[in-house]
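Data first, discussion second: the structure below is written as structure tokens.
Number of protein chains: 2
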Amino acid sequence: MTIREQAEQAAAAARKLAAISPDVKNKALNAMADALLAEKEAILSANALDIEAGKAKNMKASLIDRLLLTEARIADMAEGLRQVASLRDPVGEIISGSTLPNGLTVTKIRVPLGVIGIIYEARPNVTADAIGLCLKSGNATILKGGSEAIRSNTKIAEIMGAAAEKAGTPAGSIQFITSTDHKAVQELITLNGLVDVVIPRGSGRLIQAVVGNASVPVIETGVGVCHTFVDAGADYAMAEAIVINAKTQRPSVCNAMETLLVHKDAAADFLPHMLQVLKDKDVQIIGDETVCAMDASAIPATEEDWATEYGDLRLSVKIVDDVDAAIDHIARYGTKHSECIVTRSFANARKFQQMVDAACVYANASTRFTDGFQFGFGAEIGISTQKLHARGPMALPELTTYKYLISGDGQVRP
Amino acid sequence: MTIREQAEQAAAAARKLAAISPDVKNKALNAMADALLAEKEAILSANALDIEAGKAKNMKASLIDRLLLTEARIADMAEGLRQVASLRDPVGEIISGSTLPNGLTVTKIRVPLGVIGIIYEARPNVTADAIGLCLKSGNATILKGGSEAIRSNTKIAEIMGAAAEKAGTPAGSIQFITSTDHKAVQELITLNGLVDVVIPRGSGRLIQAVVGNASVPVIETGVGVCHTFVDAGADYAMAEAIVINAKTQRPSVCNAMETLLVHKDAAADFLPHMLQVLKDKDVQIIGDETVCAMDASAIPATEEDWATEYGDLRLSVKIVDDVDAAIDHIARYGTKHSECIVTRSFANARKFQQMVDAACVYANASTRFTDGFQFGFGAEIGISTQKLHARGPMALPELTTYKYLISGDGQVRP
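Protein chains in written order, with numbering that gives the first Met the number 0: chain A, 0 to 413; chain B, 0 to 413.
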């Protein structure tokens with residue numbers, strides 16, 4: 000089947016999916032969870048071949064780990080599907096409504112987006128997550144995973160598709176692109192009229208390639224150059240705990256911190272101990288002139304450093320004049336993801352939260368909380384760093400749109 | 000100034016605009032209205048040059064009419080700005096919020112999108128409308144109007160920009176692209192990081208060119224191949240009134256009807272009189288075989304006709320087997336704009352409204368009501384025919400996004 004044919008099947012299925020009951024969808028989600036567990040041997044065998052191929056290509060250990068499936072990871076995937084089944088169904092919610100002066104009733108209801116394309120890398124569990132969330136929100140899915148996980152993903156998608164269809168969802172609702180050719184992505188992201196939105200998940204390079212070349216709408220996710228600004232007179236113990244958490248608890252993820260901004264009047268009291276604690280945690284400091292003068296082991300920061308998502312144990316550190324200078328720095332180098340101020344000043348917290356243009360703006364808490372589960376959404380398909388449609392953690396409602404139902408008794412426009 | 004420089008100015012202004020008070024914005028809107036009236040002679044002179052140039056190029060009379068400004072039309076533009084000033088400010092609305100188990104408060108608030116690009120054709124009043132709506136919603140604007148109205152638009156934008164700045168809005172909030180080169184559009188729609196969204200308004204060709212070539216997010220507007228389905232046993236007098244209104248009240252607009260679908264069991268009783276009334280209104284019938292057999296003056300419909308937005312007094316007419324066939328036809332040829340069923344059947348109305356995938360789905364009312372003012376929104380920047388971000392009539396809230404403000408007392412992620 001060509002990718003266009005897959006998209007046509009998905010679009011046809013999406014029309015039916017929009018009208019099936021929550022019961023059928025939840026039954027399908029639980030059936031998919033059962034099937035993943037029942038067929039775990041087949042999944043592990045497929046995964047073993049991917050791992051073998053990765054090792055043969057000298058894939059990095061961290062990538063091998065992301066690619067690896069175990070019984071426990073398969074059990075987590077199944078449990079994730081059951082959790083999605085237990086969430087409230089977003090489809091059909093009446094968002095608002097009114098009766099116009101002429102008697103027409105206008106009802107705004109939540110409906111699925113239609114066909115969602117997901118383009119992702121390495122981790123095979125994304126396959127199960129994305130299928131589950133898209134199905135729950137009444138959408139057909141077209142998945143394009145990375146070539147390194149092609150055997151694992153193909154098997155997972157096949158097992159889940161069969162289970163869902165058996166449970167009563169329309170045939171064709173779940174499409175998996177088996178081609179590992181890059182042209183497949185290009186075709187998928189230009190199928191206007193068939194694909195309603197594409198969500199890329201993965202490296203900045205992947206995301207930029209999709210954003211730059213798509214003609215269907217895209218939701219840009221993920222890249223996070225996140226800052227923490229420590230104000231003068233802040234609770235420095237609190238600031239230290241927040242910085243350590245934001246930088247070191249899981250440095251590879253997008254809500255981890257990349258740059259520490261310190262008020263010039265806080266530098267002498269706060270920085271020496273902070274830098275020592277960071278170094279004790281194996282964090283490489285990349286500093287401006289003042290920081291390098293304070294700490295001989297710091298590497299001088301280049302212009303590029305301020306704009307870089309390190310994704311590991313490196314941290315840029317800069318002294319700024321005041322909260323306004325911090326806000327300006329973030330406007331210039333931030334990626335509109337998650338930004339934090341640590342302060343005792345109500346006025347500065349208020350100004351920072353108002354003026355910083357990002358999905359999540361924190362006062363006195365770690366940026367690591369930017370996450371659909373942490374926010375209590377019960378699910379997450381990604382973190383949007385664009386402003387259109389959805390911003391920040393995206394859960395089920397962000398996979399829907401709305402339509403207006405207008406009912407009358409013969410009204411015409413005067 | 001290059002277009003990138005204009006966008007940089009707009010982005011810098013947008014940061015300040017996000018934080019100015021509703022009072023300042025409303026004062027600026029009223030000042031812009033005053034300025035348009037005070038300088039109407041200058042606007043009319045500029046417009047006279049555009050009209051002259053249009054006539055020299057043998058521009059169609061209907062286009063000349065769209066281009067023409069009069070004292071009354073300038074007064075309407077000013078009145079529109081005053082109405083926008085009187086609307087509720089969407090910025091800063093608290094959409095929702097919660098306190099997480101760890102004590103963090105999460106507040107979702109409405110904020111401006113940032114920088115909005117508007118690409119449009121012919122009608123100079125769009126310049127005033129777009130500037131007003133974008134300013135009210137706290138956004139900076141970059142306008143690219145059609146070359147045929149360049150003198151009128153430049154003058155209007157100049158007068159409004161000066162008035163807004165004098166009233167206290169940040170310099171650079173309103174950018175007008177004076178170049179009439181098509182490359183200007185291409186540059187504008189690829190300024191990722193500076194332009195947050197582009198809204199094309201105008202012909203299908205313009206919109207497709209923007210959708211196909213943009214890398215910044217686009218809101219697709221406007222093209223409407225709208226259908227009315229007359230069910231068997233419907234109130235045929237009501238159906239006739241709705242069809243006449245939807246087709247002939249203003250045939251050039253996107254919510255006008257292009258195709259009439261008639262249940263086969265309604266054809267004999269309903270169609271002969273309907274076709275006669277349409278012809279009395281100078282509507283050219285383009286019919287399927289059955290319709291052509293009933294009416295010798297009908298032109299046989301081609302495959303292309305079913306997908307065409309005529310925008311004038313032509314109407315495609317087709318007999319269908321039942322409501323399901325009507326839904327299928329609309330899924331195939333509709334543009335997800337506005338669709339209508341005329342019926343007495345509760346079950347068929349319910350099915351049609353559920354299954355038809357369009358921004359506005361009507362039961363027993365004219366599709367001509369798809370309009371921000373008709374819906375009581377108080378404003379309209381366009382009608383979205385895509386599903387991402389906004390659908391149907393877009394007013395002030397659709398020109399905003401949201402962000403999460405998270406406040407705590409030192410929470411870190413376990």
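The C-beta atom is built at its ideal place from N, Cα and C for all residues, glycine as well.
Compare the beta carbon distance of residue i and residue j with 8 angstroms and say whether it is the shorter of the two.
i         : j         : result
Leu43(A)  : Leu80(A)  : no
His262(B) : Asp323(B) : no
Tyr332(A) : Val224(A) : yes
Asn363(B) : Ser406(A) : yes
Val222(A) : Thr384(A) : yes
Lys143(A) : Ile176(A) : yes
Ile158(B) : Glu338(B) : no
Gln414(A) : Gln8(A)   : This structure leaves residue 414(A) out entirely; chain A is present only between 0 and 413.
Val83(B)  : Leu35(B)  : no
Ala156(B) : Thr126(B) : yes
Leu387(B) : Val196(A) : yes
Ala163(B) : Leu134(B) : yes
Leu398(B) : Ile382(B) : no
Ile241(A) : Val411(B) : yes
Val414(B) : Ala265(B) : With chain B covering only 0 through 413, there is no way to say anything about residue 414(B).
Cys359(B) : Gly391(B) : yes
Lys402(B) : Ala170(A) : no
Ile318(B) : Val341(B) : no
Val209(B) : Ile118(B) : yes
Gln352(A) : Leu16(B)  : no
Suppose the cutoff is 7 angstroms on Cβ atoms and the five residues either side in sequence are ignored; what does the same chain contact list for residue i look like?
i         : result
Thr400(B) : Val110 and Leu112
Met354(A) : Ile326
Ile94(B)  : Lys107, Ile108, Arg109 and Tyr401
Near residue i, which residues of its chain fall below 8 angstroms by C-beta distance, leaving aside the five closest residues on each side in sequence?
i         : result
Ser146(B) : Thr179
Ser97(A)  : Thr104 and Val105
Ala6(B)   : Val114, Ile141, Gln174, Leu187, Leu190, Leu193 and Val194
Leu312(B) : Lys246, Thr247, Pro250, Lys280, Asp281, Val282 and Gln283
Ala30(A)  : Ala162, Ala163, Lys165 and Ala166
Asp268(B) : Tyr235
How long is the line joining the alpha carbons of residue i and residue j, rounded to whole angstroms?
i         : j         : result
Thr227(B) : Lys107(B) : 40 angstroms
Ser151(A) : Ser202(A) : 20 angstroms
Pro250(A) : Leu395(A) : 27 angstroms
Ala13(B)  : Ser214(A) : 26 angstroms
Met293(B) : Gln283(B) : 14 angstroms
Glu308(B) : Gln248(B) : 16 angstroms
Asp22(B)  : Gly91(B)  : 13 angstroms
Asn212(A) : Ala10(B)  : 24 angstroms
Asn244(B) : Asp234(B) : 16 angstroms
Ile73(A)  : Thr220(A) : 25 angstroms
Leu99(A)  : Cys253(A) : 46 angstroms
Glu288(B) : Val276(B) : 20 angstroms
Arg200(A) : Gly310(A) : 15 angstroms
Leu314(A) : Ser61(A)  : 20 angstroms
Met256(B) : Ala236(B) : 17 angstroms
Asn101(A) : Lys350(B) : 24 angstroms
Ala348(A) : Phe345(B) : 55 angstroms
Ser172(B) : Leu132(A) : 40 angstroms
Glu40(A)  : Ala330(B) : 42 angstroms
Ile19(A)  : Ala166(A) : 12 angstroms
His181(A) : Met393(A) : 27 angstroms
Thr366(A) : Ser85(B)  : 39 angstroms
Taking 6 angstroms as the limit between beta carbons, can you name the residues of its chain near residue i, skipping five residues before and five after?
i         : result
Thr168(A) : Ala27
Asn191(A) : Ser214 and Val215
Arg122(A) : Arg65
Thr425(B) : Not covered by the structure: residue 425(B). The range shown for chain B is 0 to 413.
Ala297(A) : Ile284, Gly286, Val290 and Cys291
Short-range partners of chain A found in the stretch 382-404 of chain B, where Cβ spacing is below 7 angstroms
Gln385, Lys386, Leu387, His388, Arg390, Gly391, Thr400, Tyr401, Lys402, Tyr403 and Leu404
Every unbroken alpha helix (DSSP H) inside the stretch 15-50 of chain A [4 residues or more]
21-37
Complete alpha helix (DSSP H) runs within the stretch 115-178 of chain A (minimum length 4 residues, chain order):
124-135 and 149-165
Complete beta strand (DSSP E) runs within the stretch 311-348 of chain A (minimum length 3 residues, chain order)
313-319 and 337-341
Residues in the stretch 196-227 of chain B having any Cβ partner in chain A nearer than 7 angstroms
Val196, Val210, Gly211, Ser214 and Pro216
Every unbroken beta strand (DSSP E) inside the stretch 200-261 of chain A [3 residues or more]:
225-229
Can you give me, in chain order, the residues of the stretch 139-158 of chain B that have a beta carbon less than 7 angstroms from any beta carbon in chain A?
none
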